[in-house]
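K.L.:
Under the UniProt record's numbering, residues 1 to 573 are what the sequence shown spells out, in order.
Cβ coordinates follow ideal geometry from the N, Cα and C atoms, glycine included.
Bear in mind the structure is a predicted one, so any value in this text is a computation, not a measurement.
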Amino acid sequence: MKPSVCSGLDAYNSKIEGFRDIEYPSLKGVTYLDYGGSAIPAKSLLEDAAADLSTNLYGNPHSACAPSALAGRRVDEIREQVLRFFNADPKYFDLVFVANATAAMKLVVDCFKDHCDATQRLSRCQRRKFWYGYHRDAHNSLVGIRELADGGQHCFSSDQEVEAWIHGSNKTSKRQTGKQLRLFAYPGQSNMTGRRLPLSWPSDMRASPHTSDVYTLLDAAALATTSPLDFSDPAYAPDFTCLSFYKIFGSPDLGALIIRTTNPSALPTILSSRRYFGGGTVDMVTTGNDAPFHAKKPSSPPHAHLEDGTLPFHSIIALSAALATHARLYTSMRCISAHTSALTAYLHASLSALRHASSPSSPLLTIYNDHSAFADPRLQGPMIAFNVLHRDGRTLVPPAAVERAADACRIYVRSGSLCNPGGAARYLGWEAAQLRALYEREGLRCSDGSVGVIQGRATGVVRVSLGAASTRADVDALVGFLRERFGGGGGGREAGVEVEDGSGEERSGEEDAVVGVVGKERVEDSGSTEDSSAEEGGFGGEKKKTERRRWMMMRLLSSCHRGIRKSAGLQQQ
Numbered sequence: 001m002k003p004s005v006c007s008g009l010d011a012y013n014s015k016i017e018g019f020r021d022i023e024y025p026s027l028k029g030v031t032y033l034d035y036g037g038s039a040i041p042a043k044s045l046l047e048d049a050a051a052d053l054s055t056n057l058y059g060n061p062h063s064a065c066a067p068s069a070l071a072g073r074r075v076d077e078i079r080e081q082v083l084r085f086f087n088a089d090p091k092y093f094d095l096v097f098v099a100n101a102t103a104a105m106k107l108v109v110d111c112f113k114d115h116c117d118a119t120q121r122l123s124r125c126q127r128r129k130f131w132y133g134y135h136r137d138a139h140n141s142l143v144g145i146r147e148l149a150d151g152g153q154h155c156f157s158s159d160q161e162v163e164a165w166i167h168g169s170n171k172t173s174k175r176q177t178g179k180q181l182r183l184f185a186y187p188g189q190s191n192m193t194g195r196r197l198p199l200s201w202p203s204d205m206r207a208s209p210h211t212s213d214v215y216t217l218l219d220a221a222a223l224a225t226t227s228p229l230d231f232s233d234p235a236y237a238p239d240f241t242c243l244s245f246y247k248i249f250g251s252p253d254l255g256a257l258i259i260r261t262t263n264p265s266a267l268p269t270i271l272s273s274r275r276y277f278g279g280g281t282v283d284m285v286t287t288g289n290d291a292p293f294h295a296k297k298p299s300s301p302p303h304a305h306l307e308d309g310t311l312p313f314h315s316i317i318a319l320s321a322a323l324a325t326h327a328r329l330y331t332s333m334r335c336i337s338a339h340t341s342a343l344t345a346y347l348h349a350s351l352s353a354l355r356h357a358s359s360p361s362s363p364l365l366t367i368y369n370d371h372s373a374f375a376d377p378r379l380q381g382p383m384i385a386f387n388v389l390h391r392d393g394r395t396l397v398p399p400a401a402v403e404r405a406a407d408a409c410r411i412y413v414r415s416g417s418l419c420n421p422g423g424a425a426r427y428l429g430w431e432a433a434q435l436r437a438l439y440e441r442e443g444l445r446c447s448d449g450s451v452g453v454i455q456g457r458a459t460g461v462v463r464v465s466l467g468a469a470s471t472r473a474d475v476d477a478l479v480g481f482l483r484e485r486f487g488g489g490g491g492g493r494e495a496g497v498e499v500e501d502g503s504g505e506e507r508s509g510e511e512d513a514v515v516g517v518v519g520k521e522r523v524e525d526s527g528s529t530e531d532s533s534a535e536e537g538g539f540g541g542e543k544k545k546t547e548r549r550r551w552m553m554m555r556l557l558s559s560c561h562r563g564i565r566k567s568a569g570l571q572q573q
């Protein structure tokens, strides 16, 4: 009998290394550490999906011919397969296919807003207002819902504030009334730091007299990549769960809204209140100017009137191959969770131990989040956010500069504020008013690394995220790169990548100088303090500058290769 891939972490790591070159040829020679952005699809997943689509004739499910009927049956079957993947009984849950997690969130809010409008239209009474609460660790896609909350909105600054609200012991609870339609949303896992939030809140809120009428929305996009979502007990499930399949399987590019249909309150009425209708969601429509009429499909199951137009049925059919391949390669989400949790603890310990070679008491990195959480998968996902420090222990290397240096070594991470404004403000020490001022005066923009450090503080982080196909070798490659490139482990200079000074202008590092950024000033740790711009003026100077950058890039690549060989225990020939 073949041992389970989950029989031991060493066995898991060895098994992945055994099939990774075959199943993930795109990962050969690279270190991919952005699974929080997207997983990588296995080769056999793509082959099986292509074989299915090229062998079977699938038509538009809205038609009645045999190919269309086949496509419709497959969509229904796969809908149930996905629910079973999350241990969600179709009797108590429904699944709506959408483009991605963000589309799922917007669909929920459209229903809530239109329901509030409908209460006034149908009963001619005062309009019911929509109140929205969200956690500070929320992704921008959750934060954006607040713009539609005409009954007020509240950003909860901590887990403790949420729990105080649930138990009715803070001002937010006392200000709200039962006339409001209330929705509370939060991420199961921060997409910035990997911190995991309590999954008990939906059931706690239903049990509390202060929040029993509040609907809950869980953003599971980051959480579901490596953690099993278990909806086997509907009493503990959120009312709405949003996720993206490409983050779990790599392909197809689809999302889902999972709806808890056992809610005994007005949920069916809320979902059926959405005013827009598209093809496939109505039983009758008349046109013309005289009493236009339409009748929507029954409100149960919800997907019947929420999936507008023709579904991306080819992508949904490919999802079946994704589920099968995932199970064959990794056995279960619990195995993936155990492996990535252990690997994250190893990564955290390795990163925490990094020091500057010339100053052993100076940590190379500052890591964001509670350090004690990294050994507990209930509290921490396979994601670490950090910034690189210069030898002085204060000056930061701009996150985008670290990403560019890693990119040149074929190590792929992500930098910036990661569409997580609350997390960036919390961990990097910014107030909301300060961030707005930086936007207006310094040109700070989301997802723009040109202004990486201002006033001595970072405006973003470097994020490393692991996935099902990650191995110890990936961790060792990153650690070796950071040690070699920024810690002086190879005897070279500390940082030679191009960095920005806060004005958006690129500056190249001197051969023996470390250039940090504090506001608009250049801070050099050693070497010449002369600005080379004078000798580089004119066309001839620009040519010299280009040649020096090319020389610096060759040095950078050589340094990367030495660090990776050293971390892997290989000797240079």
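Leaving out five residues before and five after Ser-227 in sequence, what residues of the same chain have Cβ atoms less than 6 Å from its Cβ?
P.N.:
For Ser-227, where only same-chain residues beyond five positions count, the Cβ hits under 6 Å are Ser-337.
K.L.:
Does any C-beta atom of chain D lie closer than 9 Å to the C-beta of Glu-442?
P.N.:
Judged by its chain identifiers, the structure shown contains no chain D, having just a single protein chain.
K.L.:
Looking at the secondary structure, which residues open and close the beta strand (DSSP E) in which Ile-384 lies?
P.N.:
Per DSSP, Ile-384 belongs to the beta strand (DSSP E) from 383 to 389.
K.L.:
Please report the Cβ distance between Asp-219 and Gly-188, rounded to the nearest whole angstrom; I am assuming they are in contact, meaning their Cβ atoms lie under 8 Å.
P.N.:
Correct: roughly 7 Å between the Cβ atoms.
K.L.:
Given a cut-off of 9 Å on the beta-carbon distance, is the pair Ile-367 and Leu-379 in contact?
P.N.:
Going by C-beta atoms, Ile-367 is not nearer than 9 Å to Leu-379.
K.L.:
Pull up the CB-CB distance for residue 578 and Cys-116, whole angstroms please, since I reckon it's below 8 Å.
P.N.:
Residue 578 cannot be examined here, being either before or after the span of the chain that is shown, 1 to 573.
K.L.:
Would you please state the rounded distance, in angstroms, between the beta carbons of Ala-424 and Met-192? I believe it to be under 8 Å.
P.N.:
Rounded, the Cβ-Cβ distance is 7 Å, consistent with contact.
K.L.:
So, at 8 Å on beta carbons, what are the nonlocal neighbours of Tyr-427 in its own chain, with the 5 sequence-adjacent residues on each side left out?
P.N.:
Cβ within range, chain order: Met-192, Thr-193, Tyr-368, Asn-369, Ala-385 and Val-461.
K.L.:
Report the start-end ranges of each alpha helix (DSSP H) in the region 102 to 183 that is 4 residues or longer and not cut off at the edges.
P.N.:
Runs of the alpha helix (DSSP H) inside the region 102 to 183: 140 to 143, 159 to 166 and 171 to 175.
K.L.:
Is there contact between the region 294 to 311 and the region 324 to 333, where contact requires at least three CB pairs shorter than 8 Å?
P.N.:
The region 294 to 311, when compared against the region 324 to 333, does not touch it at the 8 Å Cβ threshold.
K.L.:
Let me make sure I understand the geometry here. Which of Asn-140, Gly-449, Gly-443 and Ser-470 has the alpha-carbon closest to that of Ile-411?
P.N.:
Checked all of Asn-140, Gly-449, Gly-443 and Ser-470; the closest Cα to Ile-411 is Ser-470.
K.L.:
In the DSSP assignment, the alpha helix (DSSP H) including Cys-325 goes from what residue to what residue?
P.N.:
Checking the sequence, you will find Thr at residue 325 rather than Cys. From DSSP, the alpha helix (DSSP H) with Thr-325 extends over 313 to 330.
K.L.:
Taking Tyr-439 as part of the beta strand (DSSP E), name the residues at either end of that continuous run.
P.N.:
Run containing Tyr-439: none; DSSP gives neither H nor E here.
K.L.:
Roughly how many whole angstroms lie between the Cα atoms of Thr-55 and Gly-250?
P.N.:
C-alpha separation (whole angstroms): 23 Å.
K.L.:
Within the same chain, show all residues whose beta-carbon is closer than 7 Å to that of Gly-59, passing over the 5 residues directly before and after it, in chain order.
P.N.:
If we look at Gly-59 and ignore the five residues flanking it on each side, its Cβ neighbours are Cys-65, Pro-67, Ser-68 and Ala-71.
K.L.:
Return the residue from the list Val-82, Pro-298, Ile-78 and Ala-345 that minimises the CA-CA distance to Val-475.
P.N.:
It is Ala-345 whose Cα lies nearest to the Cα of Val-475.
K.L.:
Using the C-alpha atoms, what's the distance from Arg-84 back to Glu-77?
P.N.:
C-alpha separation (whole angstroms): 11 Å.
K.L.:
Apart from the five residues on each side of it in sequence, which residues of its chain come closer than 7 Å, Cβ to Cβ, to Ser-300?
P.N.:
Answer for Ser-300: Pro-268, listed in chain order.
K.L.:
Measure the C-alpha to C-alpha separation of Ala-357 and Leu-257 and round it to an integer number of angstroms.
P.N.:
Distance between the alpha carbons of Ala-357 and Leu-257: 50 Å.
K.L.:
Taking DSSP as the reference, what is the three-state secondary structure of Asn-13?
P.N.:
Helix.
K.L.:
Report yes if the CB atom of Met-87 is closer than 9 Å to the CB atom of Leu-229, and no otherwise.
P.N.:
Contrary to the premise, residue 87 reads as Asn rather than Met in this sequence. Yes, the Cβ-Cβ distance between Asn-87 and Leu-229 is below 9 Å.
K.L.:
Output the boundary residues of the alpha helix (DSSP H) element that contains Ile-270.
P.N.:
267 to 271 is the span of the alpha helix (DSSP H), which, as asked, contains Ile-270.
K.L.:
On the DSSP bridge assignment, give the partners of His-305 in chain order.
P.N.:
Looking at the DSSP assignment, His-305 forms no beta bridge with any residue, so it has no partner.
K.L.:
Based on the DSSP output, what are the partners of Thr-366 in its beta bridges?
P.N.:
In the DSSP output, where bridge partners are listed per residue, Thr-366 has Asn-387.
K.L.:
Do you know offhand how far Thr-119's Cα is from Phe-293's?
P.N.:
Their backbone Cα atoms lie some 19 Å apart in a straight line.
K.L.:
With distances taken between CB atoms, is the gap from Ala-322 to Ala-49 smaller than 9 Å?
P.N.:
Closer than 9 Å, so yes.
K.L.:
Looking at the secondary structure, which residues open and close the alpha helix (DSSP H) in which Gly-294 lies?
P.N.:
The identity of residue 294 in the sequence shown is His, whereas the question assumes Gly. It is not in any alpha helix (DSSP H) - His-294 instead sits in the beta strand (DSSP E) that spans 294 to 296.
K.L.:
Taking the Cβ atom as the reference point for each residue, do Tyr-236 and Leu-183 lie within a distance shorter than 9 Å?
P.N.:
Cβ distance not < 9 Å, so Tyr-236 and Leu-183 don't count as in contact.
K.L.:
Please classify Ala-353 as buried or exposed, where buried requires at least 16 other C-beta atoms within 10 Å of its C-beta.
P.N.:
It counts as exposed.
K.L.:
Which runs of the alpha helix (DSSP H) at least 4 residues long sit entirely within the region 210 to 267? Give them in chain order.
P.N.:
As far as the region 210 to 267 is concerned, its whole alpha helix (DSSP H) runs of at least 4 residues are 246 to 249.
K.L.:
Going straight from the alpha carbon of Ser-157 to that of Arg-136, what length do you get?
P.N.:
Ser-157 and Arg-136: Cα-Cα distance of roughly 5 Å.
K.L.:
Count the other CB atoms within 10 Å of the CB of Arg-441; is the residue buried (16 or more) or exposed (fewer)?
P.N.:
Its Cβ having fewer than 16 others within 10 Å, Arg-441 is exposed.
K.L.:
Would you kindly report the start and end of the unbroken alpha helix (DSSP H) that includes Phe-481?
P.N.:
Unbroken alpha helix (DSSP H) run through Phe-481: 472 to 486.
K.L.:
Please state the DSSP three-state secondary structure of Gln-455.
P.N.:
Here Gln-455 sits in coil by DSSP.
K.L.:
Output yes or no for whether 9 Å exceeds the beta carbon distance between Ser-415 and Asp-392.
P.N.:
Not a contact, by the Cβ cut-off of 9 Å.
K.L.:
Do you know offhand how far Ser-208's Cα is from Glu-431's?
P.N.:
Taking the straight line joining both Cα atoms gives about 32 Å.
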